[in-house]
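Written below as structure tokens is the structure these notes are about.
2 protein chains.
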Amino acid sequence: MNIKNLLLGKPLKNTDIKGQKLSKAWGLPLMASDAVSSVAYAGQEILLVLVPVIGLGAFHFVPWIALSIMLLLLILIVSYSQIIDHYPSGGGAYLVSKENLGKMPSLLAASSLIIDYIMTVAVSVSSASEAIVAAFPGLTPVKIWLAVAFVLLVTLGNLRGIQESARLFGTPTYIFIGCLALLIIVGFIRLLTGSLHPMVYSPNITQGLSNSMTGLSLVLILRAFASGCSALTGVEAVSNAIPNFKEPAQHNAKMILAMLGGVIIFLFGGTTLLGLKLQIIPVNGTTILSQISTMVFGNSFLFYFIQLFTAIILILAANTAYNGLPLLLYILAHDGFVPRQFSHRGTKLSFSNGIMFICIVAILLVVVFGASTHRLIPLYSVGVFISFTLSQYGMFRKWHKLRDKGWQHKMWINGFGALVTLVGVCVVMSSKFIDGAWMIAIAIPVLMLIMNYINKHYEKVGEELTLKRFHPYYEQSASHKTQAIVLMQSINKSLLKSLNYANAISDNVTVLHICRHAEHAKELQKNWADLGVPAKLEIVITPYQDIITPLDKYIKTRERALKHGDSLSVIIIKFISEHWYDAVLHTQTTYFLERVLSRHKNVSSIILPFHYNPNISPEENRRNLFGNQRN
Amino acid sequence: MNIKNLLLGKPLKNTDIKGQKLSKAWGLPLMASDAVSSVAYAGQEILLVLVPVIGLGAFHFVPWIALSIMLLLLILIVSYSQIIDHYPSGGGAYLVSKENLGKMPSLLAASSLIIDYIMTVAVSVSSASEAIVAAFPGLTPVKIWLAVAFVLLVTLGNLRGIQESARLFGTPTYIFIGCLALLIIVGFIRLLTGSLHPMVYSPNITQGLSNSMTGLSLVLILRAFASGCSALTGVEAVSNAIPNFKEPAQHNAKMILAMLGGVIIFLFGGTTLLGLKLQIIPVNGTTILSQISTMVFGNSFLFYFIQLFTAIILILAANTAYNGLPLLLYILAHDGFVPRQFSHRGTKLSFSNGIMFICIVAILLVVVFGASTHRLIPLYSVGVFISFTLSQYGMFRKWHKLRDKGWQHKMWINGFGALVTLVGVCVVMSSKFIDGAWMIAIAIPVLMLIMNYINKHYEKVGEELTLKRFHPYYEQSASHKTQAIVLMQSINKSLLKSLNYANAISDNVTVLHICRHAEHAKELQKNWADLGVPAKLEIVITPYQDIITPLDKYIKTRERALKHGDSLSVIIIKFISEHWYDAVLHTQTTYFLERVLSRHKNVSSIILPFHYNPNISPEENRRNLFGNQRN
């Protein structure tokens, strides 16, 4: 408990939840870290698709592709604003699909989101770890453990509560946004004042590139578009996290979404345009962003500052998942699609089980994939496109049904959005299928089936367990009696306490001893008679070392002989030492025994603590052992 | 259970213990693996001390040192034969010291032996792993895991029972002994027939060596002697393992000890003499043994065969510890110096707890020391010399006291042995102190203190707990009553079962609900009244998420209000699912609750299993839930 408090800080009261809510100022950076970090690579992704095929001709298409992405972003922001209006409890694509498309589409949205959130964590920490290893090659052997450490760091921050994680993780995001804004502004000022000139490529570089447009095709443009769409991930998170915001939560969520849109358009548009003007193409071993900042700032302090915060922001991108997924799991737990434990808040009022779930699965992914971004990326962003498509299509159906003011207008926006994102799903899925997206194609249906199974289980159990009126079986139970069985290891004083207790709860008491040697049994029987204990002693002799099986058999026989409605109570003494380290000196079989006994329907296990302290007087021990009996 | 049976084989009956005993034929190789494996390096250890100081002059001293070691071996064998005669239950140095020297010397012997046995395992598997890595450098990154795998392999073999491990591990030892015997015989025949000639060293090798005798000193000779004494480790094991042998156990143990002595003298003497005749000196990157076998057999099949079995025998040397230590721990557990669990046999009648203890500590050592023989060796063989000295000195004292036929003769043998091995302790300790033996100098007293603490604990507890006659407190307890508290999470059918049971054991029943929200509490109170349950409902409202603390507080208050001799029984429903995987869908707090409740002296925890299967009819469930009540 003390270690827990040290790591997590003081427990919070339930009423403190208001203080745990996010203001607009801290909500923005928390929601933005994923989206903003993708600016660090979205433009580059477009060029990486185009340049190998059509060389510098790529520069003709980049502006149009970037514009389309920004248009799609606007559609998504308008669409998610409407979702926030209509679904104030959060849940985004899942709730929209549930209401407008039915159960299975909603499970499709939920599993896609779960997978994509976790992939976000794995990909972000892996690329942050790769960035650090690139800077310090000496750390290569611990690359995986670096990534794991990042996951643990973000997990701990989130377990400490939303407010604290907001301050911890929000500040670097603001710094990163500020740096990029400075980069864009200074870059354009230097371009306009003529102190900065586009790259000039030497012929031996451009020769390597095809300059004909023969490779150009619709598929190529679509693939470039789909790759660039990675800039859009993270938009969904706001609509999942509404309950995390200060009141008026919906209004604040919409404001944050709008600001987020503005930030993405400014940063993505600005850096893409600047890269275009500077004619930068992807080069191995460095990024577009770092090339731009070298050109704009030279090898100055600001260049290194941006590099450092690019690494930090990649770690923080993981944080977006920690804000969105636990709330989604909470909603799913509420609807009975995931284990109910996900609906509990921890001592700091965060959804600690959801946070731990992300932590464990992300670490597994990082370890299995060796913290390699290259191997993880193909699994990424399929899920988010599926959820975009479903939420757009859900809203499309909603307007069609509602037909309130301006419905046709809204319907066509969402319809267009659904179509464009559906194309995104197909392009991303097909182009990355062999590289790993096939795993997602298996994982999503499996997850849907599991959630469906869980839901059926809860429904059946809930239905059957509901207590509507007082049951006749209870009234019949006036005659219910229990038979006590005291498990005895050897004749010692703990027997007094057990027998004491057994006599209090039952008028049918047996002492049971399981014995491995016949001679030992005889001796025990004799000692028993000598002591004159007023209780039956039953000895079961087993030829094996294992005593669980003969116990089980004995209990089975006794259970079969029970009268209607009666039960067996097995009393197990648990030796409690004054010092925790003394516990290892006494065989601890309590839980093994309890587990076996619990398999029997009419048998309860009674764990009777026997506090014994060899360091105090016999008289004191007697008082401890037998309660307040003597005053 | 099924995995356990698969790994360990079918459980054995207690009466099968006879079939688990070792014959002479299988006992010899099991006891010999450690001693025989040390032949692979004992001669070399002597040369490694001498050659750097006095060069080829070493050859003058090696025969005398080897002879002294063999003489000491003879003394040890005679001495341990006498120990076997007088201490038939095993325990060797520990029992001898306990009877003749007192408690603390016996604990010194016990801790020295425990440490040395475990060091044997760590050193053997590490050097086996190094041998394999030397042959296949590609395995270097997994060197530690190879050593860990060897430990697990030997552990598993031993858990399967003595008989099975004897066959598994005995055969390779015989093969190795056979190979070495062949090597010695063929070597001497070839020397006599003149087809084999001593090494001739080129001047540039001998120039590097000092040929003057200036470095010669008594300390040097003693250090060489102490290093060579590593050939003696493993002799102790026979006297610890007597109960493992077939009847007549003492006779068989003595026969095995004598045969072991013969084997060591033949192999150690033979290889040392052969090496001497061939004038072999230690060379980096290869061993004396492999140099001899290259010269005798050339690069033939037999050479590789010997190399292979040298690696295998190093793994098997670990096995000696698995035969001696669990029995020593059994005897110590019996005397109350180590936790009692070490006296239990497993399903295969091996001392499974002792075996697991070796496994865990050895793996820890291997991992911490990076499976490096070089770093482990300084910690090795101090312990075995201490135990030799104590057992010799103990026997010396025994003869002095007994004064039976020929006592003076026996006394002087053991006295001389004690003196020589005491010198061994001093030389080994001082020459290896800085390199790591200081850890042993700390570990041995710490272990002694722990064993002493455990002994005091058991003595006090045992004394106080003994039940000599029937206690008055028991008779007073006719008035003992228990008050039942049903822990309720929500109103559902499990409540019926708990109330049923609570009413059977007590006439004072409370239903307790711990609630986080005041509104929720009001609603529950209303539902409770509507249902008309004939029991008190108490609701504790907590502002925090944690429910354990308020429960603890509530129980404390109730406990304080108890009448003399009464107790509280807290009923906890445990939801048991038909399928194990459904268990994760229901919050499992049973053990947390039980742990907190057990801290209270007058409170017992009753775990009531609630078997619920959503896949069967409501009528069937009702029958399952409420027992045989309705027929």
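Note that the protein sequences, when read in sequence, are chains A and B.
The numbering used here applies: residue 198 is where the first sequence begins, and numbers increase by one.
The numbering used here applies: residue 198 is where the second sequence begins, and numbers increase by one.
Ideal placement from N, C-alpha and C gives every residue a C-beta, glycine not left out.
Just checking my contact of residue i with residue j at CB under 8 Å: how many whole Å lie between their CB atoms?
i      : j      : result
A/F258 : A/L245 : Rounded, the Cβ-Cβ distance is 13 Å, inconsistent with contact.
A/Y650 : A/G533 : That belief does not hold up - the Cβ atoms of A/Y650 and A/G533 are roughly 11 Å apart, past 8 Å.
B/V706 : B/A715 : 25 Å between Cβ atoms; not a contact.
A/I512 : A/S321 : 7 Å
A/G425 : A/A615 : The Cβ separation is near 19 Å, so there is no contact.
With a Cβ-Cβ cutoff of 8 Å, do residue i and residue j count as a contact?
i      : j      : result
B/K210 : A/P338 : no
B/M553 : B/S308 : no
B/V625 : B/S578 : yes
A/L794 : A/V767 : yes
B/L734 : B/I752 : no
A/L728 : A/H710 : no
B/A701 : A/T679 : yes
B/G358 : B/Q217 : yes
A/L164 : B/L692 : The shown model of chain A, from 198 to 828, leaves out residue 164 of chain A, and the question about it has no answer.
B/I555 : B/V432 : no
What does residue i pair with, by DSSP beta-bridge criteria?
i      : result
B/T390 : In the DSSP output, where bridge partners are listed per residue, B/T390 has none listed.
B/A681 : B/V706 and B/S766
A/N689 : B/T663
B/V383 : Answer is none; B/V383 lacks a bridge partner.
A/L219 : A/F442
B/K771 : B/P806
B/L734 : B/V708
B/V800 : B/L765
Which residues of chain B have a Cβ atom closer than 8 Å to the Cβ of residue i, listed in chain order?
i      : result
A/G551 : Here the premise fails: no neighbours, minimum Cβ distance about 14 Å.
A/L662 : N689, K690, S691 and Y809
If you measure from the beta carbon of residue i to each beta carbon in chain A, is any gap under 8 Å?
i      : result
B/H717 : no
B/N697 : yes
B/S795 : yes
B/P523 : no
B/L567 : Note that residue 567 of chain B corresponds to Gly in the displayed sequence, not to Leu. No, B/G567 lies away from the interface with chain A (no Cβ there is under 8 Å from its Cβ).
B/Y670 : Confidence at B/Y670 is low in this model, with a pLDDT of 49, below 50, so its placement is unreliable and the value that follows should be read with caution. It does: the Cβ of B/Y670 has a partner Cβ on chain A nearer than 8 Å.
B/Y527 : no
B/A726 : no
B/N700 : yes
B/Y751 : no
B/S674 : Unreliable placement is indicated for B/S674, whose pLDDT of 49 sits below 50; no coordinate value is reported for it.
B/Q217 : no
B/E735 : no
Please decide whether residue i counts as near chain B, where near means a Cβ-Cβ distance under 8 Å.
i      : result
A/P479 : no
A/H677 : yes
A/T337 : no
A/L447 : It is Gln, not Leu, that sits at residue 447 of chain A in the sequence shown. So, not an interface residue.
A/K295 : no
A/S220 : no
A/D231 : no
A/P806 : yes
A/P291 : For clarity, residue 291 of chain A is Tyr in the given sequence; the question names Pro instead. For A/Y291, the answer is no, since every Cβ of chain B falls outside 8 Å of its Cβ.
A/R542 : yes
A/A743 : The identity of residue 743 of chain A in the sequence shown is Asp, whereas the question assumes Ala. So, interface residue.
Give the residues of chain B in contact with residue i, contact being defined as C-beta atoms less than 7 Å apart.
i      : result
A/K771 : S795
A/E775 : Per Cβ cutoff of 7 Å: no residues; A/E775 is ~10 Å from chain B at best.
Looking at the ligand FMN, does it come within less than 7 Å of residue i, judged from the CB to the closest heavy atom?
i      : result
A/L268 : Here there are no bound small molecules, and the ligand FMN is not part of this structure.
Run through chain A and tell me which residues come within less than 7 Å of residue i, C-beta to C-beta.
i      : result
B/D779 : H654
Using a Cβ cut-off of 8 Å, pull out every chain A residue sitting near residue i, in sequence order please.
i      : result
B/Y788 : Y788
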